[in-house]
Amino acid sequence: AQESRGLGDVYKRQLYGGFAGLEQARDERDWSANATVLDGSGAGHVVTALGSYGVSAIDGFTIRNAGMYPSAGIECVSSSPSISNNTITANGAGISCESGEPSITNNTIAGNGRGIDCFDAAPAITNNTIASNAEYGIS
69 AQESRGLGDV YKRQLYGGFA GLEQARDERD WSANATVLDG SGAGHVVTAL
119 GSYGVSAIDG FTIRNAGMYP SAGIECVSSS PSISNNTITA NGAGISCESG
169 EPSITNNTIA GNGRGIDCFD AAPAITNNTI ASNAEYGIS
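Written as structure tokens, this is what we have:
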């Protein structure tokens, strides 16, 4: 059996954080006031979006502590997820993209070894704060 690392694979799911618990609709959530933390505890990628499982949304989380590079807060492999409204910090790489076209919008990506690390990928990167990453912001 293969050991699961991190908090899990995104399998045809849209993940949304920022709920207080009383909302009746997704647009009532407030990810700034109601932190939903996904903490990898240094065990590897925190969230993985795999292409064969479809396009996913990862929205409204604090994603942290993946571990040293090459571990990433969000790893995208042959996928094109929507990554929005997250705080991504204290990871080897904030976001790692390989062979996909993710949409990366309205995130704070700071305090990682690398901000956004892309290999053979064409991400759409819009309106993010990318700062104070040790090696670089976007590659």
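Those letters in the sequence shown? Residues 69 to 207, by our numbering.
Where is the CB? At the ideal position from N, CA and C, for every residue including glycine.
Annotated three-state conformation of Gly135 is strand, per DSSP.
In the same chain as Ala202, and ignoring 5 residues on each side of it, the C-beta atoms closer than 6 Å to its own belong to Gly181, in chain order. Beta-bridge pairing by DSSP links Asp95 to no other residue. In its chain, beyond the 5 residues on either side, Arg132, Asn133 have a beta carbon closer than 6 Å to the beta carbon of Asp107.
Excluding the 5 residues flanking it on each side, Gln82 has same chain C-beta neighbours closer than 7 Å at Ser124, Ala125, in chain order. When C-alpha distances from Ser171 are compared across Ala190, Val145, Gly85, Gly119, the shortest belongs to Ala190. Taking the Cα positions, Asn153 is about 23 Å away from Pro138.
With respect to the C-alpha of Phe129, the residue from Ile198, Ala158, Glu96, Tyr84 having the closest C-alpha is Tyr84. For the pair Ser200 and Cys186, the CB atoms are not nearer than the 8 Å cut-off.
In the three-state reduction of the DSSP assignment, Gly119 falls in the helix class, which pools H, G and I.
Take the alpha-carbon of Trp99 and the one of Asn196: they are about 15 Å apart. Membership of Arg182 in the beta strand (DSSP E) is indicated by the continuous run 182-187. With a beta-carbon spacing of about 4 Å, Glu169 and Ser148 fall inside the 8 Å limit used to define contacts.
Residue burial annotation: Ser164 is buried, with at least 16 other C-beta atoms found within 10 angstroms of its C-beta. Leaving aside the five residues that flank Thr194 on each side, the residues in its chain whose CB is nearer than 6 Å to its CB run, in chain order, Thr173.
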